[in-house]
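First the structure, in the form of structure tokens, and then the observations on it.
Below is the structure:
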């Protein structure tokens, strides 16, 4: 059974997500070496870091699709480290993978309806069409016939329907035209206003700085620094040394 | 009476109706196979056995419980589906992280067990199942007499086909299935219970097979072997249609049923082989199948490779010592054991060695080694008996035929990878089997008996068992050393590289297909050598050597001994031939035991005996 952690446990229950000393493996290779960070409800937080630092792996570990993981991941106060990914999703966690995961054998409409509703309070289809008008015009097309930007909208849109309040977005702006990036940015801001909690992996930290509250820097499978968004200007030299080549 | 191209019209339509019935059976069975393969990545070899179970459950319901056809039409698929649930939960679910071929081997074992059990209980003569009274009789039409039951079978199976297709293509449940076929991990991450879907999908596929079984019961006789015959044809149908499209599976099944019927009318001799011939043509011109999606030529590397990666330490001196010890054993063995039995063991050991060259070192699971083994046996027997050729020439002829056969099969089979490769070799071997059943020189059911052993090079009289044994022992040891050399040659190294990672080997400039064909030919030649020698040793060439069950035996020998080990096949052959010898008194239980060994090996014992020892002592064997 899923037991909520006692309320007096030093604020953990007030976190939408609390990751502590998370280790993760792909087969034999040890990728995550003790990732720790947490997110308050309604926050937008990014993971920044170089390629191969372990950002995507962290998201995969949180969503439960990484084969081998250890440590502690509390989703809304519930320990998920030993749960199967389908049970984690049922706690109200929505995952948008880097490759977007649009199904070629399903129409746009079927893709949109695929993830089951896990919590009440998800967006209605009408609200999703309002957010992403492009989708409404392409409902009958096969999912992968959409443009990259439309696929990204579909990948986000279908999660919004489920009522998940905690969203993991893996590089939602990757390879998209600037005008689409802006649209995704506006969407994330809007979701933030509506109380969604969002964990974002981003390479484009100018984009990240326009929407996020805080940034965690990931390196060698650990979180090595935390930067509040209003400290970003002041921390530029430090960030450059983390992310620069 | 009206005729068309010299055939009476009513006979033509009667055959076409039968073709439509067979075609709709093929359609449902291949649909089930395709659904299961799509989601579970398993070729369900037990599909034929489950079809047979459907027919038997209907028969048992009627004869033991007095439950008639109509309730059985619902109950039997449910019972067979429940069997599918148990099978998937207890056995198949353990294989999802392994290579596809293990699924094929496991379900092959299950098929053997199920068929063996039914054969023990009900014999092989076939049981009658009456047409339900509501559907007896028929309609006289102007061009033919239409039996009601046959019309019902066509309507019912087409309805089920189309409903299954609509259910998958148009419903919410179907969208889950299609999505999970593409990316099960992500579907599960959305909160859908994928393991449950896998179980239910397998159950649904088997229930479809059971349903066909019930439909078939009044048309065909209820017989434990009915599934084994149809499954190989269905494999060919699947190869022709390609498993990418469910609609394609339905259309191909129906079309091939009709083609088969037309062949029966116009050229009856070819009716058993026409589907396999079409498969060959399709492979030549459209290797991915008529409705298959052109995927990359190379399958993605699987998580656990077929051959378990054993210790890497080479041990040449150890190998030399083992070969010497083996030679001493072979010399001493006739003092304690019956030479004919030993000859049989050596021939099967050589067959298993040849098979292992292909599977263990080339990663190619051929399910058709019986074709070379049996065919070369027939040629040798015929040459020795009818043409009075000397034994060495008879054997040479047999080997040449096997090599040619291997070359043709190899060219066709390497056009597809993985399980398709296995299905193609199985279908081609079945074609050879039907050829041998019909060709006049093989003697049909009697085989070629009393094959003279003759004088080797005109000097050594092989009619004494000891002389024959000595000859086979020498050839066997020479072949073993030859195979050992091949495995350790640059050719063998390249072959292993292709097995482990074909795209990488190709990118390094190796022509993977040519290496595979060469190995295939080599393996076929050695298998032919084994078959030729066995015929001379036992002085009998029979249909059992070309039958698919012999191909299964060889796979089992290699699996038990340890695939990808040098000496494993020998150990496996000794074990299995002795087992067949000493268990012969148990009759059909042998199949059940063999099937059970298959299952145990695949689940618990994938390295085999020799693989296990090699791991213990940390040396390659």
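Chains as they are written, first to last, in our numbering: chain A, 1 to 245; chain B, 246 to 866.
The beta-carbon is built from N, C-alpha and C at its ideal position, and this holds for glycine as well.
Keep in mind it's a predicted model, so treat the numbers as computed, not measured.
The beta strand (DSSP E) enclosing residue i, as first and last residue numbers
{"i": "residue 220/A", "result": "It is not in any beta strand (DSSP E) - residue 220/A carries neither H nor E in the DSSP assignment."}
{"i": "residue 20/A", "result": "17 to 26"}
{"i": "residue 710/B", "result": "No beta strand (DSSP E) contains residue 710/B, which is instead part of the alpha helix (DSSP H) from 710 to 733."}
{"i": "residue 384/B", "result": "383 to 385"}
{"i": "residue 95/A", "result": "93 to 96"}
{"i": "residue 167/A", "result": "166 to 170"}
{"i": "residue 48/A", "result": "44 to 48"}
{"i": "residue 29/A", "result": "29 to 39"}
{"i": "residue 496/B", "result": "Element bounds for residue 496/B: not the beta strand (DSSP E) but the alpha helix (DSSP H), 491 to 511."}
{"i": "residue 596/B", "result": "Careful: residue 596/B lies outside any beta strand (DSSP E), inside the alpha helix (DSSP H) at 584 to 604."}
{"i": "residue 198/A", "result": "197 to 201"}
{"i": "residue 306/B", "result": "Taken as a continuous stretch (DSSP letters only), residue 306/B belongs to no beta strand (DSSP E), being part of the alpha helix (DSSP H) at 292 to 310."}
{"i": "residue 390/B", "result": "390 to 392"}
Partners in chain B for residue i, counting only beta-carbon separations shorter than 9 Å
{"i": "residue 138/A", "result": "Going along chain B, no residue has its Cβ under 9 Å from residue 138/A, so there is no contact; the nearest lies around 17 Å."}
Residues that residue i contacts on chain A, provided the C-beta gap is smaller than 7 Å
{"i": "residue 435/B", "result": "89, 114, 115, 116"}
Exposure of residue i, with buried meaning 16 or more beta-carbon neighbours within 10 Å
{"i": "residue 826/B", "result": "exposed"}
{"i": "residue 120/A", "result": "exposed"}
{"i": "residue 896/B", "result": "Within the shown structure, residues of chain B are numbered from 246 to 866, placing residue 896/B beyond reach of any answer."}
{"i": "residue 659/B", "result": "buried"}
{"i": "residue 546/B", "result": "Because the pLDDT at residue 546/B is just 40, under 50, the model does not fix this residue reliably, and the point stays unresolved."}
{"i": "residue 552/B", "result": "In this prediction, residue 552/B has a pLDDT of 49, which is less than 50 and means its spatial position is unreliable; nothing more can be read from the coordinates."}
{"i": "residue 671/B", "result": "buried"}
{"i": "residue 554/B", "result": "The predicted position of residue 554/B is uncertain, since its pLDDT is 48 and thus under 50; a value taken from the coordinates is nonetheless stated next. Residue 554/B is exposed by the Cβ-count criterion."}
{"i": "residue 132/A", "result": "buried"}
{"i": "residue 187/A", "result": "buried"}
{"i": "residue 790/B", "result": "buried"}
{"i": "residue 814/B", "result": "buried"}
{"i": "residue 530/B", "result": "exposed"}
{"i": "residue 82/A", "result": "exposed"}
{"i": "residue 719/B", "result": "exposed"}
{"i": "residue 80/A", "result": "buried"}
{"i": "residue 304/B", "result": "buried"}
8 Å Cβ cut-off: residues of chain B touching residue i
{"i": "residue 65/A", "result": "430, 431, 433, 434"}
{"i": "residue 106/A", "result": "420, 423, 424"}
Per-residue contacts from residue i into chain A (C-beta, under 8 Å)
{"i": "residue 427/B", "result": "103, 104, 105"}
Under 7 Å from the C-beta of residue i: neighbouring residues of chain B
{"i": "residue 110/A", "result": "420"}
Residue interval of the alpha helix (DSSP H) (run including residue i)
{"i": "residue 777/B", "result": "757 to 783"}
{"i": "residue 231/A", "result": "Per DSSP, residue 231/A belongs to no alpha helix (DSSP H) and is neither H nor E."}
{"i": "residue 69/A", "result": "Residue 69/A -> not in any alpha helix (DSSP H); beta strand (DSSP E) instead, spanning 68 to 75."}
{"i": "residue 474/B", "result": "471 to 486"}
{"i": "residue 83/A", "result": "Careful: residue 83/A lies outside any alpha helix (DSSP H) and carries neither H nor E."}
{"i": "residue 814/B", "result": "813 to 828"}
{"i": "residue 803/B", "result": "793 to 806"}
{"i": "residue 142/A", "result": "No alpha helix (DSSP H) contains residue 142/A, which DSSP labels as neither H nor E."}
{"i": "residue 351/B", "result": "345 to 367"}
Within-8 Å CB hit, residue i to chain E
{"i": "residue 651/B", "result": "In summary, chain E is missing from the structure at hand, where the protein chains are A and B."}
Quiz item: Okay, do the segment 644 to 658 of chain B and the segment 703 to 712 of chain B touch, 3+ Cβ pairs below 8 Å being the bar?
Solution: no
Quiz item: Of the residues that make up the segment 92 to 103 of chain A, which ones have a beta carbon closer than 7 Å to any beta carbon in chain B?
Solution: 95, 97, 101, 103
Exercise. Inspect the CB distances between the segment 427 to 441 of chain B and the segment 307 to 326 of chain B and report whether three or more fall short of 8 Å.
Key: no
Practice problem: Count the C-beta pairs between the segment 154 to 173 of chain A and the segment 121 to 137 of chain A that are closer than 8 Å, then say yes if the count reaches three, no if not. | Solution: yes
Quiz item: For the segment 71 to 89 of chain A, which residues have a beta carbon sitting closer than 9 Å to at least one beta carbon of chain B?
Solution: 84, 85, 86, 87, 88, 89
Practice problem: Could you run through the segment 438 to 464 of chain B and flag, in chain order, every residue whose CB is less than 9 Å away from some CB of chain A? | Solution: 438, 439, 440
Self-check item: Touching by the beta-carbon criterion (3+ pairs, under 8 Å), the segment 569 to 589 of chain B and the segment 767 to 777 of chain B
Solution: no
Practice problem: Determine, using beta-carbon pairs with one atom in the segment 622 to 638 of chain B and one in the segment 747 to 763 of chain B, whether at least three such pairs fall under 8 Å. | Solution: no
Self-check item: Cβ pair count under 8 Å reaching 3, the segment 601 to 611 of chain B against the segment 795 to 811 of chain B
Solution: yes
Quiz item: Just checking, does the segment 320 to 327 of chain B make contact with the segment 573 to 587 of chain B on the three C-beta pairs under 8 Å criterion?
Solution: no
Practice problem: Kindly confirm or deny that the segment 165 to 180 of chain A and the segment 141 to 157 of chain A touch, where touching means at least three C-beta pairs closer than 8 Å. | Solution: yes
Self-check item: Three or more C-beta pairs below 8 Å linking the segment 460 to 471 of chain B and the segment 500 to 508 of chain B
Solution: no
Quiz item: If you pair each beta-carbon of the segment 18 to 31 of chain A with each one of the segment 58 to 70 of chain A, do three or more pairs fall below 8 Å?
Solution: yes
Quiz item: Given 8 Å as the limit, is there contact between the segment 385 to 392 of chain B and the segment 250 to 267 of chain B, that is, 3 or more CB pairs closer than that?
Solution: yes
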